[in-house]
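This report refers to the structure that appears directly beneath it.
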Amino acid sequence: METKVNLSKQWFIDSRKGNIKDSYHFIERLGSGGFGVVYLAQERKSGDKFAVKAIQKNKIQDYDTFQNEIRTLRTLDHPNIIKLYEIWEWQDVCFLVTEQLLLNVNAIVSFCEGGELFYYILQKKSLSEKEAALIMKQGFSALSYIHHNKISHRDIKPENFMLKNKDDITNIKLIDFGLAKDFSEQQAMQTPSGSPYYIAPEVFSSKYNEKCDLWSIGVVLYILLSGKVPFPGESNKEIIENVVKGDYHFNHEAFLSVSALAKDLIKKLLVKDIDQRYSAVEAYNHPWIQKSEEILDNEIAAEAFDNMKNFMQAVNLKKTTLIYLASKLPEKNIDELRKLFIQIDLDGDGIITSEEFKHALTIYGFQIDKDEIEQLVNQIDTNNNGFIDYTEFIAGCMKSKIYLREENIRGAFQYFDQDQSGSITKDELKSILSSEDVMIPDAYIEQIIKEVDVNKDDQIDYNEFLEMMKKDLKVRLAVYNMNLKDLMIFKPQCSIF
Numbered sequence: 001m002e003t004k005v006n007l008s009k010q011w012f013i014d015s016r017k018g019n020i021k022d023s024y025h026f027i028e029r030l031g032s033g034g035f036g037v038v039y040l041a042q043e044r045k046s047g048d049k050f051a052v053k054a055i056q057k058n059k060i061q062d063y064d065t066f067q068n069e070i071r072t073l074r075t076l077d078h079p080n081i082i083k084l085y086e087i088w089e090w091q092d093v094c095f096l097v098t099e100q101l102l103l104n105v106n107a108i109v110s111f112c113e114g115g116e117l118f119y120y121i122l123q124k125k126s127l128s129e130k131e132a133a134l135i136m137k138q139g140f141s142a143l144s145y146i147h148h149n150k151i152s153h154r155d156i157k158p159e160n161f162m163l164k165n166k167d168d169i170t171n172i173k174l175i176d177f178g179l180a181k182d183f184s185e186q187q188a189m190q191t192p193s194g195s196p197y198y199i200a201p202e203v204f205s206s207k208y209n210e211k212c213d214l215w216s217i218g219v220v221l222y223i224l225l226s227g228k229v230p231f232p233g234e235s236n237k238e239i240i241e242n243v244v245k246g247d248y249h250f251n252h253e254a255f256l257s258v259s260a261l262a263k264d265l266i267k268k269l270l271v272k273d274i275d276q277r278y279s280a281v282e283a284y285n286h287p288w289i290q291k292s293e294e295i296l297d298n299e300i301a302a303e304a305f306d307n308m309k310n311f312m313q314a315v316n317l318k319k320t321t322l323i324y325l326a327s328k329l330p331e332k333n334i335d336e337l338r339k340l341f342i343q344i345d346l347d348g349d350g351i352i353t354s355e356e357f358k359h360a361l362t363i364y365g366f367q368i369d370k371d372e373i374e375q376l377v378n379q380i381d382t383n384n385n386g387f388i389d390y391t392e393f394i395a396g397c398m399k400s401k402i403y404l405r406e407e408n409i410r411g412a413f414q415y416f417d418q419d420q421s422g423s424i425t426k427d428e429l430k431s432i433l434s435s436e437d438v439m440i441p442d443a444y445i446e447q448i449i450k451e452v453d454v455n456k457d458d459q460i461d462y463n464e465f466l467e468m469m470k471k472d473l474k475v476r477l478a479v480y481n482m483n484l485k486d487l488m489i490f491k492p493q494c495s496i497f
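Each residue of the sequence shown is one higher than the one before, starting from 1 at the first, in the UniProt record's numbering.
As structure tokens, then:
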């Protein structure tokens, strides 16, 4: 039986030591706050822009909390959650390289061309219900995902949702996991945390669970629709007293034009009894949220599914390389796939199940039985958790014209060629693919080399690597051995895409 090794995007979030300015050009200082300074920086090789937050180690008051946030960001893999690319240490400074989001000095990840949702609201003065529902749908999806992974954010507020691009509310990012905490269903959280306007009443009783996030996002929804806070006060003490009482109303003039469905969702969230309060999954599936669905072109889905066939038949190192590229590419290169992932993920929990994937294929008329669906998901599921995660989906569906760009191929090869000798060796692959918990068998490493090593010298040079990325090898499983576009028998007028 062929060995299957876990491939996870968090492997490729590097921790580097050295002068970060050798790899990044610092363009400008965007601002500072707390214990860090945020810069706009450009990667010298690719020309891509990133946010870099420089943190003085001696100013970190709670180093365990800081490390916890980094660990959390490493593991999260969702289209509506901020993406961490690299961590650098140089002298007494730690640098966090994240995707391009605009300045929010309170957050540990901070740069965005669009800006905080808070300032978007102020600029717009009022939002339509459709706009508010689109924003909330993404927020509920992010919360559903982190709650599924036993993480509570504990500081949900408009300032911690960022717009990827100005005036574009279809790509919202949840940021700032500084107060995030792992939880279990058996053990309640006890440490009070959050911002007074948004904090859930049970937090003040010292025992609470992840549903504190749902109360907080309910407050955000109230503000989006009215421009008012549900629990006002002249001081933090007065705000907290009103939150604990839990009394609010829809008497503001702005609510006269708000639908009954929208108000119903608020009522399901701002419930003091946490057993009666909606979960993130329930909120995502509320009728008011589901009305906001966006439709994509059928051809985008057809091409993505066709690319999955190529991923399935790829050799192990090519799959590993595609996971690496999917974890590193700026979102501008994969925006269509991001939207497609969101729409296949019917319940918004940030993962695609076999049933969701089957539903998507059925909508498009692909005649594939259940066993073949399971085999397909198993091949795309490189970290072996039983689902298709976001990065896995991007890797499987990525267009060849993107991953075959010279800068992408060269960058990936140099990543695996750790000593920059011009060849990828067995030891280098074993070092990259192994972790503290898992040691990769030598036989598997030899298999990877053998699949690509044309000249039989037990290592992989650049030309062999390039040919591997260009070549679609013969299918090793009897699945999808036809062009998916040829299977399309109808184009539905209305679909999940």
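Note that the Cβ used here is the ideal one computed from N, Cα and C, for glycine as well.
Looking at the structure shown, is residue i part of a helix, part of a strand, or coil, going by DSSP?
{"i": "A107", "result": "Caution is warranted here: a pLDDT of 32 is assigned to A107, below 50, making its placement in the model unreliable, and the coordinate value is therefore given only provisionally. Correct three-state label for A107: coil."}
{"i": "R29", "result": "strand"}
{"i": "N298", "result": "helix"}
{"i": "N19", "result": "coil"}
{"i": "I409", "result": "helix"}
{"i": "D155", "result": "coil"}
{"i": "E210", "result": "coil"}
{"i": "V203", "result": "helix"}
{"i": "A132", "result": "helix"}
{"i": "Y24", "result": "strand"}
{"i": "I60", "result": "coil"}
{"i": "S279", "result": "coil"}
{"i": "I424", "result": "strand"}
{"i": "I223", "result": "helix"}
{"i": "S184", "result": "strand"}
{"i": "I388", "result": "strand"}
{"i": "I13", "result": "coil"}
{"i": "F416", "result": "helix"}
{"i": "I81", "result": "strand"}
{"i": "H148", "result": "helix"}
{"i": "I351", "result": "coil"}
{"i": "E113", "result": "Model confidence at E113 stands at a pLDDT of 45, short of 50, so the residue's coordinates are unreliable and nothing is read from them."}
{"i": "L127", "result": "coil"}
Confirm, please, whether the CB-CB distance from residue j to residue i is below 8 angstroms.
{"i": "E356", "j": "I300", "result": "no"}
{"i": "I460", "j": "I449", "result": "yes"}
{"i": "residue 526", "j": "F183", "result": "Residue 526 lies beyond the stretch modelled for the chain, which goes from 1 to 497, so this question has no answer here."}
{"i": "E86", "j": "R16", "result": "yes"}
{"i": "residue 504", "j": "I169", "result": "The structure shown does not extend to residue 504, since the chain is modelled only from 1 to 497, so the question has no answer here."}
{"i": "N310", "j": "K173", "result": "no"}
{"i": "R154", "j": "L214", "result": "no"}
{"i": "I394", "j": "L466", "result": "no"}
{"i": "A133", "j": "W288", "result": "yes"}
{"i": "K59", "j": "T391", "result": "no"}
{"i": "M308", "j": "I240", "result": "no"}
{"i": "I156", "j": "V229", "result": "no"}
{"i": "Y462", "j": "F413", "result": "yes"}
{"i": "L404", "j": "M312", "result": "no"}
{"i": "Q42", "j": "Y63", "result": "no"}
Taking residue i as part of the beta strand (DSSP E), name the residues at either end of that continuous run.
{"i": "M162", "result": "F161 to N165"}
{"i": "F95", "result": "V93 to T98"}
{"i": "F50", "result": "K49 to Q56"}
{"i": "Y324", "result": "Y324 -> not in any beta strand (DSSP E); alpha helix (DSSP H) instead, spanning N316 to K328."}
{"i": "W90", "result": "L84 to W90"}
{"i": "L270", "result": "L270 -> no beta strand (DSSP E), and no H or E assigned at all."}
{"i": "Y39", "result": "G36 to E43"}
Can you give the beta carbon distance from residue i to residue j, rounded, assuming they're within the 8 angstroms contact cut?
{"i": "H286", "j": "L265", "result": "5 angstroms"}
{"i": "A200", "j": "L225", "result": "The Cβ separation is near 19 angstroms, so there is no contact."}
{"i": "I388", "j": "I432", "result": "That belief does not hold up - the Cβ atoms of I388 and I432 are roughly 23 angstroms apart, past 8 angstroms."}
{"i": "Y321", "j": "M469", "result": "Looking at the sequence provided, one finds Thr at residue 321 rather than Tyr. Correct: roughly 7 angstroms between the Cβ atoms."}
{"i": "G31", "j": "A54", "result": "Not quite, the Cβ-Cβ distance comes to about 12 angstroms (not below 8 angstroms), so this is no contact."}
{"i": "V243", "j": "F231", "result": "5 angstroms"}
{"i": "V271", "j": "S144", "result": "Actually they do not touch by this definition, with Cβ atoms about 18 angstroms apart."}
{"i": "L40", "j": "I27", "result": "5 angstroms"}
Any beta carbon of chain C sitting closer than 8 angstroms to that of residue i?
{"i": "I344", "result": "Protein chains in the displayed structure number just one, and chain C is not present."}
Just curious, the alpha helix (DSSP H) that residue i is in, first and last residue?
{"i": "D168", "result": "Segment D168 to L174 is the beta strand (DSSP E) holding D168; no alpha helix (DSSP H) there."}
{"i": "Q67", "result": "Y63 to T75"}
{"i": "Y403", "result": "S400 to Y403"}
{"i": "I344", "result": "D335 to I344"}
{"i": "V377", "result": "K370 to I380"}
{"i": "L361", "result": "S354 to I363"}
{"i": "W288", "result": "P287 to Q290"}
Ranges of the beta strand (DSSP E) found wholly within the UniProt domain "EF-hand" (440-475), counting only runs of at least 3: none
Completely contained beta strand (DSSP E) runs for the segment 234-267, where each covers 3 or more residues: none
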